[in-house]
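Q:
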Amino acid sequence: MPIDQNLAEYSDWAYAAAALIYFLALIGYAVEGAFGRARKHAEARELVAAGSAAPPPEVRIGVIEDEPRRSRPERFGRMAVALTVLGALLHLASLVLRGFATGRAPWGNMYEYGAATMLVAVVGWLVLMRRFRENNVRRLGAFVMTPVVILMFLGFTVLYAEAAPVQPALKSYWLVIHVIAAASSSGLLLIPGVVSLLYLARVKHDRSPNRFGARLAPADTLDRLAYQTTIFAFPIYTFGIIAGAIWAESAWGRPWGWDPKETVAFVAWVVYAGYLHSRATAGWRGTRAAVVNTVGFVVILFNTFFINFVVSGMHSYA
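Taking the UniProt record's numbering, the leading residue of the sequence shown gets 1, the next gets one more, and so forth.
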């Protein structure tokens, strides 16, 4: 099928617009995080964690006392959410247009794969903000959007590939399933990777108060956010590995060959499996769990970039 260059160009413009809007959203999140006031209900939650029976009766979840109107930083935060939604719509349009332009699934190279992964990360972040809205999680937006903006920029400058047909080995519906699962799980796992680092910063603040840690969500909220996102993404990641093995059997005549990318993907799977297992059986929470979760995401980043571009293997074309 010939490439529709007009649609491919529209796709590129939509991608660039999405990246710019994400950057503006990042600024909005940063303004709220830097200048917004801490919520009183967050302090009440910490009192409960410290042993109080219940929050003080005058504290109402989600209400800022003596502040009938939203503060300017909070308005910046709400504007950032709106920009994130707009950016995600343009981001989705970019992938759809790339798919129509090439007549195939829009994740046949590292540029397209990265774009799909970042879209999942952004949508996942929007869902989590909705789910944890009473805990002022929105202020973490700058930390989540920073890697998204950086990777979007690298995608358009370093990883960019012209719209083109894929290699014959990639023409398989199992590849489509494999890449969807890999991109979805990697995008989702970006969030607990970032949140786990913020958890460590918050714990440091709880031990030795500092201005940065004081503006983060409570440690318990960060721990739950990282865990719930990981427990949702891990089965998708597992399915992606299985789908990749099925595709490898049809493409290369063997389901598993300890190719560098396969090996590191398995290492990441073991790390996340250990994280979930230790929480369920040994009661690992807090700092140890956050460190393991962070290590897992570092392994995924290593697999995505270093293995693909530095180490020679069967996946080098991707």
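Even for Gly, the Cβ is constructed at its ideal location relative to N, Cα and C.
Using the rule of at least 16 other Cβ atoms within 10 Å of the residue's Cβ for burial, across every protein chain shown, is A148 buried or exposed?
A: In the sequence as presented, Ala is not what sits at residue 148; that position holds Val. Flag for V148 reads buried.
Q: Grab me the residues of residue 330's own chain with a C-beta within less than 8 Å of its C-beta, minus the 5 sequence neighbours each way, in chain order.
A: In the structure as shown, the chain starts at 1 and stops at 318, and residue 330 therefore has no counterpart that could be examined.
Q: As a quick exercise: from V299, F302, E9 and L189, pick the residue whose alpha carbon is nearest that of A93.
A: With distances taken between Cα atoms, A93 lies closest to E9.
Q: Using a 10 Å radius around the Cβ and a threshold of 16 neighbouring Cβ atoms, would you call E112 buried or exposed?
A: E112 is buried by the Cβ-count criterion.
Q: Taking DSSP as the reference, what is the three-state secondary structure of A53?
A: Per-residue confidence for A53 stands at a pLDDT of 47, beneath the threshold of 50, marking its modelled position as unreliable; no derived number is given.
Q: Go to D220, then tell me how far its alpha helix (DSSP H) extends in each direction, as first and last residue.
A: Where D220 is concerned, the enclosing alpha helix (DSSP H) stretches over A219 to W252.
Q: Does F132 come out as helix, strand or coil in the three-state DSSP assignment?
A: Residue state, collapsed to three classes: coil.
Q: Cutting at 6 Å between CB atoms, please list the residues of its own chain near D4, excluding the five before and the five after it.
A: For D4, where only same-chain residues beyond five positions count, the Cβ hits under 6 Å are A101.
Q: A14 to I27, Cα distance in whole Å?
A: Roughly 20 Å separates the two Cα atoms.
Q: Please go through the same chain and pick out, in chain order, the residues whose beta-carbon is closer than 7 Å to the beta-carbon of T146, but skip the five residues on each side of it.
A: Hits under 7 Å: L26.
Q: With distance defined between alpha-carbon atoms, name the residue in F76, I236, G257 and P2 nearest to residue 327.
A: Limits of the chain in this structure are 1 at one end and 318 at the other, which puts residue 327 out of reach.
Q: Count the other CB atoms, across all protein chains shown, that sit within 10 Å of the CB of P106; report buried if there are 16 or more and exposed otherwise.
A: Buried is the call here.
Q: Taking C-beta to C-beta, are N144 and V96 nearer than 9 Å?
A: Note that residue 144 is Val in the sequence shown here, rather than Asn. Result no, Cβ atoms of V144 and V96 do not sit closer than 9 Å.
Q: Determine the burial state of N210: buried for a count of at least 16 other Cβ atoms within 10 Å of its Cβ, exposed for fewer.
A: Exposed, because fewer than 16 other Cβ atoms sit within 10 Å of the Cβ of N210.
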